[in-house]
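Report on the structure given below.
Structure below.
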């Protein structure tokens with residue numbers, strides 16, 4: 304292929320050289336530079352690709368894509384664009400042969416619910432015979448192949464490379480989590496989603512390393528609805544009209560509102576040995592009764608979103624019911640079988656909104672005592688720590704404050720911040736910095752009828768300390784404690 308082909312859907316300016324050049328590889332990491340490669344200069348959080356032009360030229364690269372002036376050897380073609388991240392997305396789509404055009408693409412955005420909803424969609428579609436790939440926070444799934452995730456939404460080159468692999472593997476549909484960062488950084492530019500889904504929005508991911516404020520966060524979420532054919536949105540969310548400002552897609556809605564295209568009736572809680580569940584009815588563009596062994600009102604929203612998508616694929620009611628009844632998502636209200644006398648679960652709730660939603664939901668099942676163990680990440684918003692501490696102290700009977708991913712901060716300093724919030728409500732509390740020992744405390748001191756939530760880590764199997772990731776899986780810790788305590 305030629306450089307001219309890769310640039311065919313971009314506006315650009317030729318600074319030096321020519322575009323009728325053979326291309327051996329498209330590159331955005333200078334370490335991958337090679338003969339006849341094209342290097343796209345990306346400004347990252349750590350390094351700026353524009354500073355590596357001379358280095359990649361020595362390694363054989365014959366063209367560079369820039370968004371600002373650079374010093375380049377005379378034999379290098381220099382192409383200037385307004386946004387090199389967007390250029391990488393469009394060039395990647397071309398490089399891999401526009402694979403999204405051969406797939407039904409489903410993008411899900413929102414503060415919470417993205418992960419669970421993607422798995423629900425995948426499960427329902429596959430029950431109906433649609434081979435479905437997945438890209439998300441936990442993993443990428445291509446048939447029987449799974450790849451652990453590094454980002455919720457990968458870099459655009461990886462997205463297109465994954466789409467290509469899915470097409471070659473006979474995958475028909477792909478459902479993916481689309482983060483606000485992914486939208487802001489053009490990781491999903493270069494193609495149009497067939498379906499875009501909005502779950503909900505609350506302040507999150509706001510800080511020096513993420514979004515500057517809530518308005519930017521909301522704006523970035525809304526970019527999906529300028530890049531999809533059909534938008535499916537939660538009509539009950541307070542911000543949905545603002546998220547949809549300037550949308551270019553057709554719209555459908557779901558929620559409890561009578562105005563929703565898919566309207567859920569008030570859910571009925573199900574409490575059986577081994578799980579908490581929920582049942583509800585749907586009216587509107589579909590009429591059916593749904594039951595699933597995932598608790599709470601938020602599970603109704605997640606499943607409604609999934610059903611709203613799958614309706615477009617002609618999925619039969621029985622396939623929906625069967626898929627939802629057996630849904631399991633790692634680290635999302637994941638119950639770990641430990642004891643008949645109490646329940647322990649792992650959940651990814653890592654901000655005040657998601658933690659409150661989870662604790663309020665579990666409180667509705669009338670546990671004898673609700674115990675919440677959590678920590679907060681270092682190098683992140685301190686406000687989140689205060690808020691989560693207050694929420695846990697308000698809605699849990701006992702809060703166990705521990706360490707999460709302290710990163711470059713001291714765990715005790717983070718715990719001190721959390722305790723400022725804990726002190727604002729009246730729940731009992733204990734602080735245990737070592738996460739394994741905190742889990743041990745919860746298990747050893749569990750009482751008949753307790754529900755214990757290990758919040759914050761979810762699917763993660765590591766703890767990040769001083770720039771290094773150490774293996775730590777809460778499922779393994781629970782098993783170790785059981786063995787050590789002869790439980």
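Residue numbers (the numbering used here): 304 to 790. Glycine is no exception: its CB is placed at the ideal position from the N, C-alpha and C atoms. Bear in mind that the values here come from a model prediction, so they are computed numbers and not experimental data.
Here's the rule: buried if 16 or more other CB atoms are within 10 angstroms of the residue's CB, otherwise exposed. What is residue 631? exposed
CA nearest to the CA of residue 680, picked from 669, 666, 707: 707
In whole angstroms, what separates the C-alpha of residue 752 from that of residue 640? 14 Å
Per DSSP, the bridge partner or partners of residue 337: DSSP output for residue 337 lists no bridge partner at all.
Nearest neighbour of residue 684, chosen from 698, 720, 664, 675 [CA to CA]: 720
Which of helix, strand or coil DSSP assigns to residue 589: coil
Please state whether DSSP places residue 744 in a helix, a strand or coil. helix
Helix or strand or just coil, what does DSSP make of residue 761? coil
To the nearest angstrom, how far is the alpha carbon of residue 612 from that of residue 748? 44 Å
Per DSSP, what kind of secondary structure is residue 651 in: helix, strand or coil? coil
For residue 605, the three-state DSSP class (helix, strand or coil): helix
Please report the Cβ distance between residue 687 and residue 654, rounded to the nearest whole angstrom; I am assuming they are in contact, meaning their Cβ atoms lie under 8 Å. 6 Å
First and last residue of the uninterrupted beta strand (DSSP E) at residue 729: Looking at the DSSP string, residue 729 is not in any beta strand (DSSP E), and its letter there is neither H nor E.
Sequence-distant residues of its chain with Cβ nearer than 7 Å to residue 773 (five each side left out): 765, 766
Nonlocal neighbours in the same chain, by C-beta distance under 8 Å from residue 670, ignoring five residues either side: 646, 752, 753, 754
Spatial distance of residue 397 from residue 704 (CA atoms): 49 Å
Report all residues from its chain with a CB closer than 7 Å to the CB of residue 690; omit the five preceding and five following residues, and keep chain order. 655, 724
Residue nearest to residue 530 in terms of C-alpha spacing, selected from 561, 494, 536, 545: 494
May I ask whether a heavy atom of the ligand GTP can be found less than 7 Å away from the beta carbon of residue 585? Of the ligands one can find in the structure shown there are none, so the ligand GTP has no counterpart to examine.
According to DSSP, simplified to helix, strand and coil, what is residue 774? strand
Inter-residue spacing [alpha-carbon to alpha-carbon] between residue 651 and residue 498: 26 Å
Along the chain, where does the alpha helix (DSSP H) containing residue 686 start, and where does it finish? 685–698
Measuring CA to CA, which of 598, 573, 566, 600 is closest to residue 584? 566
Between residue 644 and the rest of its own chain, which residues show a CB-CB distance below 6 Å, the 5 nearest in sequence each way excluded? 751
Identity of the residue in 350, 502, 375, 637 nearest residue 358 by Cα: 375
Backbone CA spacing between residue 672 and residue 735 [nearest angstrom]: 19 Å
Using the beta-carbon count (16 or more within 10 Å), is residue 552 buried or exposed? buried
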